[in-house]
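> Below is the structure I would like to discuss, written out as structure tokens.
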Amino acid sequence: MTKRILEQAREQRDEMEEEEEEAEAPGVAGGGGRGLVGDQRFSFATPVPGGSPGGLRQDDSDDDDDDDDEEEEEYEEGLADEVAMSEAEERLVSSFMNAAPFQRRSLADIIMEKIREKEEGETRAAGMGGGGDEDEDGMPRLPPKVVEVYGAIGKMLKSYTAGKLPKAFKIIPSLTNWEQVLWLTRPEQWSSHAMLAATKIFASNFNAKMAQRFYNVFLLEACRTDILENRRLNYHLYEALRKSVYKPAAFYKGMLLPLASAGDCTLREAAIFASVLSRVTIPANHSAVALLKLAQLPYNGATSLFIRVLLNKKYALPYKVIDSLVDHFMTFTTETRVLPVLWHQSLLVFAQRYRGDITRADKDRLKELLKAQQHHQITPEVRRQLFMGSCRGEPKGSLASTPRSTNDAMATG
1 MTKRILEQAR
11 EQRDEMEEEE
21 EEAEAPGVAG
31 GGGRGLVGDQ
41 RFSFATPVPG
51 GSPGGLRQDD
61 SDDDDDDDDE
71 EEEEYEEGLA
81 DEVAMSEAEE
91 RLVSSFMNAA
101 PFQRRSLADI
111 IMEKIREKEE
121 GETRAAGMGG
131 GGDEDEDGMP
141 RLPPKVVEVY
151 GAIGKMLKSY
161 TAGKLPKAFK
171 IIPSLTNWEQ
181 VLWLTRPEQW
191 SSHAMLAATK
201 IFASNFNAKM
211 AQRFYNVFLL
221 EACRTDILEN
231 RRLNYHLYEA
241 LRKSVYKPAA
251 FYKGMLLPLA
261 SAGDCTLREA
271 AIFASVLSRV
281 TIPANHSAVA
291 LLKLAQLPYN
301 GATSLFIRVL
311 LNKKYALPYK
321 VIDSLVDHFM
331 TFTTETRVLP
341 VLWHQSLLVF
351 AQRYRGDITR
361 ADKDRLKELL
371 KAQQHHQITP
381 EVRRQLFMGS
391 CRGEPKGSLA
401 STPRSTNDAM
411 ATG
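Letter by letter, the sequence shown follows residues 1 to 413 of UniProt numbering.
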């Protein structure tokens, strides 16, 4: 195995020094050409069970897809409208954020910690008369040539804008120790173009669990750092978020739900991620689970924003989710603080889309909520929408609730 790794390291080093790569054979993932996973020269480790069948898909890894036709100018204009909010409203929403949020570790902090652990481990190993075959995490130690090659790839990704990615990078999804190898490339230093290209590869070839890990540790932190530094999200990172929805369960578990439950999620971050939600198509079953989880989380502004966007997609939701959302809103009956407009908007959308799926008993409970929490413009419309139609389990009359679509009709992505 070590011999094959060193051979590949030499080949990769020579390849990176060449001005042009040899054109790759078509059909890497199917018949016609040899897949990288099947080519033993590129086997840095045992292929991961549960990964993409038939080898790696490379159609999403080299150049921009034809469907990436949204202009950056349109993105800027549309996002500006979605993030726009008065200072007073921002302060009001911020008052519902955690007063003492946990200390967030950036991707750079995590990488520096791993570097320190590696150095300390090497120092201890040297003091004991030599190290073993495993590092501090119990993973096999990588040969120096492999470390050198992926370090060089990391330097290339720091300034990457377009073109083919090295073969050694493309095979990362097939490695059991993929995360260990990925750290060598210093992801916190990648360009936004490189993060987009990597997301295309990993979203297509990782299984759901691996994709969730990549989204949570690498992509989410890269996006949050960019928003923190620039008060907006780079267009290519925004596109990376859209591509990540290819694995919907990983998208929700690895990014959206952790962000909503984080003690330091800003309203701007929530608005940008909600913008992604509104522009893509996500299967109803995954979104229903996400809504159930959001309804059970401690409230903050991000929760209302995500709930509103998902409800606006007009999914055919299970009654369990409907009941959970009713309970979510009812927790505010005794809230003495003034609730932000976002909360009232999410309640309005819930009444508009699902009034026919709420039981009579729950509608009676919601009457008490509307007495306790009022907005001079929104509450009258909530009341009208909520009580104009029939209830769940009752015959539908002439004022029956608006039929719901099982498709994500609101999505445009």
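Even for Gly, the Cβ is constructed at its ideal location relative to N, Cα and C.
1. Looking at Thr333: is its Cβ nearer than 8 angstroms to the Cβ of Ala372?
2. Count the other CB atoms, across all protein chains shown, that sit within 10 Å of the CB of Arg337; report buried if there are 16 or more and exposed otherwise.
3. Give every residue of the same chain whose Cβ lies closer than 6 angstroms to the Cβ of Cys265, excluding the five residues on either side of it in the sequence, and list them in chain order.
4. Indicate the three-state DSSP secondary structure (helix, strand or coil) for Ile153 in the structure shown.
5. Lys243: buried (16+ other C-beta within 10 angstroms of its C-beta) or exposed?
6. Specify whether the stretch 266 to 280 and the stretch 315 to 332 touch according to this definition: at least 3 beta carbon pairs, one from each stretch, less than 8 angstroms apart.
7. For Glu229, does the count of other Cβ atoms within 10 angstroms reach 16, so buried, or fall short, so exposed?
8. Verify the contact flag: Ala262, CB atom, against every heavy atom of the ligand MN, threshold strictly below 7 angstroms.
9. In terms of alpha-carbon separation, which member of His344, Arg392, Ile153, Tyr238 lies closest to Gln377?
10. Could you pull the start and end residues of the alpha helix (DSSP H) that Ile322 belongs to?
11. Report the residue ranges of all alpha helix (DSSP H) runs contained in full by the stretch 172 to 214; include only those spanning at least 4 residues, in chain order.
12. Does DSSP put Pro144 in a helix, a strand or coil?
13. Given Tyr246, which residues of its chain have a CB within under 7 angstroms of its CB, disregarding the five upstream and five downstream residues?
14. If you count every other CB in all the chains shown that lies within 10 Å of the CB of residue 423, and 16 or more means buried, which is it?
15. So Leu256 and Ala290 are supposed to be a Cβ contact under 8 angstroms. How far apart are they, rounded?
16. Using a Cβ-Cβ cut-off of 6 angstroms (strictly less than) and excluding sequence neighbours within five positions of Ser346, which residues of its own chain qualify?
17. Counting pairs of beta carbons, one from the stretch 157 to 170 and one from the stretch 207 to 225, are three or more of them closer than 8 angstroms?
18. Name the residue from Leu369, Ser174, Ser191 whose alpha carbon lies nearest to the alpha carbon of Ala240.
19. On the premise that Tyr150 lies in contact with Leu184, defined as a C-beta separation below 8 angstroms, what is that separation, rounded to the nearest angstrom?
20. Report buried or exposed for Arg186, applying the criterion of at least 16 other Cβ atoms within 10 angstroms of its Cβ.
21. Taking 8 angstroms as the cut-off, decide whether the C-beta atoms of Met353 and Leu386 are in contact.
22. Spatial neighbours of Phe206 within its chain, please: C-beta separation below 6 angstroms, excluding the five flanking residues on both sides.
23. Counting only runs of 4+ residues fully inside the stretch 342 to 391, write out the alpha helix (DSSP H) ranges in chain order.
24. Ends of the alpha helix (DSSP H) at Asp226?
25. For Gly301, name the three-state secondary structure that DSSP assigns.
26. Just reading off the alpha helix (DSSP H) that Ser159 is part of, what are its end residues?
27. Residues in the same chain with beta-carbon distance under 7 angstroms from Asp226, minus the five sequence neighbours each way, listed in chain order, please.
28. With a threshold of 6 angstroms on Cβ separation, who are the neighbours of His375 within its own chain once the five nearest residues in sequence on each side are excluded?
29. If we count the other Cβ atoms within 10 Å of its Cβ and call it buried at 16 or more, is Pro283 buried or exposed?
Well, looking at it:
1. For the purposes of this step, residue 333 is taken as residue 333 along the sequence shown, with counting starting at 1. For the purposes of this step, residue 372 is taken as residue 372 along the sequence shown, with counting starting at 1. Yes, the Cβ-Cβ distance between Thr333 and Ala372 is below 8 angstroms.
2. Here residue 337 corresponds to residue number 337 of the sequence shown, with the count starting at 1. With fewer than 16 Cβ atoms within 10 Å of its Cβ, Arg337 is classed as exposed.
3. Reading the sequence shown from its first residue, position 265 is the one you call residue 265. Answer for Cys265: Leu259, Ala302, listed in chain order.
4. Position 153 of the sequence shown, counted from the first residue, corresponds to residue 153. Helix, per DSSP.
5. Locating residue 243 in the sequence shown gives position 243, counting from the first residue. Label assigned to Lys243: buried.
6. no
7. In the sequence shown, counting from the first residue as 1, residue 229 sits at position 229. Label assigned to Glu229: exposed.
8. The ligand MN is absent from the structure shown, which contains no ligand whatsoever.
9. Your numbering for residue 377 matches position 377 in the sequence shown. It is His344 whose Cα lies nearest to the Cα of Gln377.
10. By 1-based counting over the sequence shown, the position of residue 322 is 322. Looking at the DSSP string, the run of the alpha helix (DSSP H) that includes Ile322 is 319 to 330.
11. 178 to 183, 192 to 205, 208 to 214
12. Counting from 1 along the sequence shown, the entry for residue 144 is found at position 144. Pro144 falls in the helix class under three-state DSSP.
13. In the sequence shown, residue 246 corresponds to position 246, counting from 1. So the list reads Ala203, Ser204, once near-sequence residues are dropped.
14. Absent from the model: residue 423. The displayed extent of the chain is 1 to 413, so no value can be given.
15. Translated into positions along the sequence shown, residue 256 becomes position 256. Translated into positions along the sequence shown, residue 290 becomes position 290. About 7 angstroms; that satisfies the 8 angstroms criterion.
16. The count along the sequence shown starts at 1 and reaches residue 346 at position 346. Excluding sequence neighbours, Ser346 sits near Ser304, Ile307, Arg308.
17. no
18. Taking the sequence shown and counting its residues from 1, one reaches residue 240 at position 240. Among Leu369, Ser174, Ser191, the Cα nearest to that of Ala240 belongs to Ser191.
19. Sequence index remark: in the sequence shown, residue 184 carries index 184 (1-based). Sequence index remark: in the sequence shown, residue 150 carries index 150 (1-based). About 4 angstroms separates the two Cβ atoms, so the contact holds.
20. Taking the sequence shown and counting its residues from 1, the one referred to as residue 186 is at position 186. Answer is buried; the Cβ neighbour count reaches 16.
21. Taking the first residue of the sequence shown as position 1, residue 353 is located at position 353. Taking the first residue of the sequence shown as position 1, residue 386 is located at position 386. Reading off the sequence, residue 353 comes out as Arg, not Met. No, the pair does not count as a contact, with Cβ atoms beyond the cut-off.
22. Here the question's residue 206 lines up with position 206 in the sequence shown. Excluding residues within five positions, the ones whose Cβ falls inside 6 angstroms are Pro173.
23. 360 to 372, 378 to 387
24. Mapped onto the sequence shown, residue 226 falls at position 226. Residues 220 to 230.
25. Sequence index remark: in the sequence shown, residue 301 carries index 301 (1-based). Helix, per DSSP.
26. Within the sequence shown, residue 159 is the residue found at index 159, counting from 1. Ser159 -> no alpha helix (DSSP H), and no H or E assigned at all.
27. As a working note, residue 226 is residue 226 in the sequence shown. Excluding sequence neighbours, Asp226 sits near Leu233, Asn234, Leu237.
28. Stepping through the sequence shown from its first residue, residue 375 is reached at position 375. Only His344 meet the Cβ criterion.
29. Position 283 of the sequence shown holds residue 283. It is exposed - the Cβ of Pro283 has fewer than 16 other Cβ atoms within 10 Å.
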